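Residue numbers for the sequence shown follow the working numbering, so the first one is 1182 and each next one is one higher.
Idealized CB from N, CA, C, for every residue including glycine.
Note that the structure is predicted; figures quoted are calculated from it, not measured.
Step one of this worksheet: look at the structure below.
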Amino acid sequence: MAEARTMFIVMRKDLVKVHATPHDTLAAIHKFREDERVKEYLSDVDGMHKVVLETKNEASLVKVADSLKQQDIPYYLWVEQPENTPTCLATVPVMRSDLGDALKRCSLLR
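Okay, here's the thing in C-alpha coordinates:
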(Lines of atoms letter the chains of each structure in order from A and count residues from 1; the text may use other names and numbers.)
(Lines give C-alpha, C1' and ligand atoms only; values in the text may rest on other atoms or scores of the structure.)
Protein backbone atom coordinates (compact mmCIF):
# COMPACT_ATOMS: atom_id res chain seq x y z
CA MET A 1 0.00 0.00 0.00
CA ALA A 2 1.27 3.49 -0.80
CA GLU A 3 2.23 5.80 1.99
CA ALA A 4 -0.62 8.20 2.86
CA ARG A 5 -0.29 11.91 3.43
CA THR A 6 -0.87 12.54 7.11
CA MET A 7 -1.62 15.71 9.02
CA PHE A 8 0.34 15.83 12.27
CA ILE A 9 -1.12 17.76 15.21
CA VAL A 10 1.02 18.50 18.27
CA MET A 11 -0.66 19.64 21.48
CA ARG A 12 0.78 20.81 24.76
CA LYS A 13 0.24 18.07 27.33
CA ASP A 14 -0.27 20.68 30.04
CA LEU A 15 -3.28 22.09 28.11
CA VAL A 16 -4.83 18.95 26.60
CA LYS A 17 -7.90 19.02 28.81
CA VAL A 18 -8.79 22.62 27.92
CA HIS A 19 -7.97 22.79 24.21
CA ALA A 20 -9.29 21.02 21.15
CA THR A 21 -7.54 20.88 17.79
CA PRO A 22 -10.07 22.08 15.19
CA HIS A 23 -8.75 25.65 15.01
CA ASP A 24 -5.13 24.78 14.31
CA THR A 25 -5.95 22.11 11.73
CA LEU A 26 -8.40 24.33 9.89
CA ALA A 27 -5.95 27.25 9.99
CA ALA A 28 -3.17 25.09 8.54
CA ILE A 29 -5.40 23.84 5.73
CA HIS A 30 -6.57 27.37 4.95
CA LYS A 31 -3.14 29.01 5.10
CA PHE A 32 -1.57 26.41 2.81
CA ARG A 33 -4.65 25.76 0.63
CA GLU A 34 -2.67 26.30 -2.59
CA ASP A 35 0.03 23.78 -1.59
CA GLU A 36 -0.16 20.65 -3.75
CA ARG A 37 0.08 18.42 -0.65
CA VAL A 38 -3.03 20.06 0.81
CA LYS A 39 -4.93 19.77 -2.47
CA GLU A 40 -4.06 16.08 -2.70
CA TYR A 41 -5.08 15.49 0.94
CA LEU A 42 -8.43 17.23 0.45
CA SER A 43 -9.16 15.36 -2.78
CA ASP A 44 -9.72 12.11 -0.86
CA VAL A 45 -11.92 13.01 2.11
CA ASP A 46 -12.53 9.36 3.00
CA GLY A 47 -8.79 8.64 3.00
CA MET A 48 -7.63 11.49 5.25
CA HIS A 49 -5.18 10.53 8.01
CA LYS A 50 -4.16 12.47 11.09
CA VAL A 51 -1.92 11.76 14.05
CA VAL A 52 -2.35 13.66 17.31
CA LEU A 53 0.82 13.98 19.35
CA GLU A 54 1.68 15.66 22.62
CA THR A 55 4.61 17.65 23.84
CA LYS A 56 5.40 18.68 27.39
CA ASN A 57 4.81 22.45 27.47
CA GLU A 58 5.11 25.74 25.59
CA ALA A 59 8.91 25.62 25.37
CA SER A 60 8.88 22.13 23.87
CA LEU A 61 6.12 23.12 21.42
CA VAL A 62 8.26 26.04 20.22
CA LYS A 63 11.19 23.62 19.77
CA VAL A 64 9.01 21.38 17.61
CA ALA A 65 8.03 24.41 15.52
CA ASP A 66 11.70 25.34 15.10
CA SER A 67 12.56 21.79 14.05
CA LEU A 68 9.77 21.78 11.46
CA LYS A 69 10.96 25.12 10.14
CA GLN A 70 14.55 23.84 9.81
CA GLN A 71 13.26 20.88 7.79
CA ASP A 72 11.07 23.11 5.57
CA ILE A 73 7.84 21.45 6.69
CA PRO A 74 4.99 23.99 6.62
CA TYR A 75 2.90 24.19 9.78
CA TYR A 76 0.52 26.53 11.58
CA LEU A 77 1.22 27.38 15.21
CA TRP A 78 -2.05 28.20 16.97
CA VAL A 79 -1.64 31.06 19.46
CA GLU A 80 -4.58 31.38 21.83
CA GLN A 81 -5.89 34.92 22.26
CA PRO A 82 -6.11 37.14 24.22
CA GLU A 83 -3.52 35.22 26.26
CA ASN A 84 -1.05 35.19 23.34
CA THR A 85 -0.08 31.63 24.28
CA PRO A 86 1.03 29.00 21.74
CA THR A 87 -1.13 25.95 22.41
CA CYS A 88 -0.73 23.54 19.48
CA LEU A 89 0.37 23.25 15.88
CA ALA A 90 -0.64 21.38 12.76
CA THR A 91 1.53 20.45 9.81
CA VAL A 92 0.44 20.41 6.21
CA PRO A 93 -0.36 16.84 5.20
CA VAL A 94 3.03 15.21 4.62
CA MET A 95 4.46 11.76 4.18
CA ARG A 96 5.81 10.39 7.46
CA SER A 97 9.07 9.69 5.70
CA ASP A 98 9.47 13.43 4.97
CA LEU A 99 9.40 14.35 8.67
CA GLY A 100 12.88 13.15 9.52
CA ASP A 101 13.33 13.67 13.25
CA ALA A 102 11.19 16.83 13.49
CA LEU A 103 8.69 15.17 15.83
CA LYS A 104 10.99 12.71 17.58
CA ARG A 105 10.43 14.27 21.02
CA CYS A 106 6.65 13.99 20.74
CA SER A 107 4.57 11.04 21.82
CA LEU A 108 1.10 9.89 20.84
CA LEU A 109 -1.62 11.75 22.70
CA ARG A 110 -3.36 9.32 25.03
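*Taking 8 Å as the cut-off, decide whether the C-beta atoms of Asp-1273 and Pro-1267 are in contact.*
Looking at the sequence itself, residue 1273 is Val, so the reference to Asp does not match. Cβ atoms of Val-1273 and Pro-1267: not closer than 8 Å.
_Limits of the alpha helix (DSSP H) - the one that Pro-1203 falls within_ = 1203-1212
*Can Glu-1235 and Leu-1284 be called in contact, C-beta distance under 8 Å?*
no
_Nearest residue (CA-CA) to Gln-1262, options Ala-1185, His-1204 and Ala-1183_ = His-1204
*Outcome for Val-1275 when other beta-carbon atoms lying within 10 angstroms are tallied against a minimum of 16*: buried
*What are the residues that DSSP puts in a beta bridge with Cys-1269?*
Met-1192 and Trp-1259
*Put Glu-1239 into one of helix, strand or coil per three-state DSSP.*
helix
_Taking 8 Å as the threshold (C-beta atoms), are Leu-1223 and Ala-1246 in contact?_
no
*Can you grab the Cα-Cα spacing for the pair Leu-1258 / Val-1226, in whole Å?*
23 Å
*In chain order, what residues of the same chain have a beta carbon less than 6 Å from the beta carbon of His-1230, not counting five sequence neighbours either side?*
Ala-1185 and Thr-1187
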